[in-house]
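Asks: In our numbering, each number is its position in the sequence shown, counted from 1, plus 19.
Glycine included, each C-beta is placed from N, C-alpha and C at the ideal position.
Can you keep this structure in mind? I'll have questions shortly.
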Amino acid sequence: MAIYVVMEPPGRGERSDGTVFVRDGFAWLGFLVPPLWLAWNRLWIEAALTFVVMAILSMLGEKLGLAWAGSALSLLVSLYVGLEGQGLRIAALRRRGWHEWGVVEADRLDGAETRHALETDMPDEQPPVPRIVPDANLARPAQTGMALGLTHTPGRP
Numbered sequence: 020m021a022i023y024v025v026m027e028p029p030g031r032g033e034r035s036d037g038t039v040f041v042r043d044g045f046a047w048l049g050f051l052v053p054p055l056w057l058a059w060n061r062l063w064i065e066a067a068l069t070f071v072v073m074a075i076l077s078m079l080g081e082k083l084g085l086a087w088a089g090s091a092l093s094l095l096v097s098l099y100v101g102l103e104g105q106g107l108r109i110a111a112l113r114r115r116g117w118h119e120w121g122v123v124e125a126d127r128l129d130g131a132e133t134r135h136a137l138e139t140d141m142p143d144e145q146p147p148v149p150r151i152v153p154d155a156n157l158a159r160p161a162q163t164g165m166a167l168g169l170t171h172t173p174g175r176p
């Protein structure tokens, strides 16, 4: 089962059609092609920054004669985007004014949409629970005698 974070747009009304479901997990395309994946998800600043960092690391590796080091560091950048890519998407949506409705657990995206629709169609207010007040006349009297064990009775040695 996958966990989906449900994000709702800032100007939501009664029925929000702009709800976005972000799957919480590893982003394989974000690992394989980080700048393109970030640009596809409209994370422009992150995509440009990732491209520049990967280019600098590759050039530095070539200039120092350590091509494997530049490739290894670029792989670390790719791994970071793969692991934290979905979190970057959620953070970008929050910066744009979206708010988190909650999380939904489902196998696929359509199952997550169904569960979210079922949750939002439920009435918000539950009927009040009846309050049970005990009758003071039926309560047991407090015990004033000696208790079992090592207890202290005030006023007695």
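1) Which class does residue 46 belong to by DSSP, given the choice of helix, strand or coil?
2) Between the alpha carbons of residue 103 and residue 49, how many angstroms are there, rounded?
3) Evaluate residue 105 with the Cβ neighbour count: other Cβ atoms within 10 Å of its Cβ, from every protein chain shown; 16 or more gives buried, anything less gives exposed.
4) Is there contact between the stretch 36–52 and the stretch 70–86, where contact requires at least three CB pairs shorter than 8 Å?
5) Give me the residue from 83, 92 and 98 with the minimum Cα distance to residue 45.
6) Starting from residue 23, follow its DSSP beta bridges and name the residues at the other end.
7) Given residue 125, which residues of its chain have a CB within under 6 Å of its CB, disregarding the five upstream and five downstream residues?
8) Taking Cβ positions, are residue 24 and residue 43 nearer each other than 7 Å?
9) Which residue or residues does DSSP assign as beta-bridge partners of residue 135?
Replies: Result, derived from the coordinates:
1) coil
2) 9 Å
3) buried
4) no
5) Nearest to residue 45 by alpha-carbon distance, out of 83, 92 and 98, is 98.
6) 42 and 123
7) 131 and 134
8) In contact: residue 24 and residue 43 (Cβ atoms closer than 7 Å).
9) The partner list for residue 135 (beta bridge, DSSP) is empty, contrary to what the question assumes.
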